[in-house]
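Throughout, our numbering is defined as the position within the sequence shown, counted from one, plus 2.
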Amino acid sequence: MYAIFESYGNQYRVKKGEVLFLNKISANLGSVIEFEKILLLSKDNQIFLGQPYVQGARILAKINNHIQKKKIRIIKFSRRKHFRKNQGYRQKLTSLKIIDICY
């Protein structure tokens, strides 16, 4: 059984028990969150397509951790102009474990 859901403009394919990294979700560690925007659901060799979402389907996930990715270095440089600019960026992520896919 797997499902494709939408969260903050991105689509993810998940199975039960899988660990997933999403853009940061502002919720406490250990809390259970629910996704209701299910686009596709596969259960017992049947596929349920949503128009746009599957009615009555939801995904339960538990928040494991809040982390940051490795820093990305951004360098802007113009030769012979004495222009150099360094910048760094770290994406904040939330680690989720899929508890259940309900339908």
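The C-beta atom is built at its ideal place from N, Cα and C for all residues, glycine as well.
In whole angstroms, give me the CA-to-CA distance for F50 and N67. Across the structure, F50 and N67 are spaced so that their CA atoms are roughly 31 Å apart.
Please list the terminal residues of the continuous beta strand (DSSP E) segment that includes V16. N12 to K17 is the extent of the beta strand (DSSP E) around V16.
Pairwise C-alpha distance: Y91 and K78: CA-CA distance, K78 to Y91, rounds to 14 Å.
Got a sec, what are the start and stop residues for the beta strand (DSSP E) G90 sits in? Note, G90: beta strand (DSSP E), F85 to Y91.
Quick one: what's got a C-beta closer than 8 Å to K83's C-beta in the same chain, skipping five residues either side? There are no such residues.
Do A63 and L98 come within 7 Å of each other at the CB atom, strictly closer than that value? yes
Along the chain, where does the beta strand (DSSP E) containing L43 start, and where does it finish? I40 to K45
Under 7 Å between C-beta atoms of L95 and I69: yes
Tell me whether the beta-carbon of I27 lies closer than 7 Å to the beta-carbon of A5. Cβ distance not < 7 Å, so I27 and A5 don't count as in contact.
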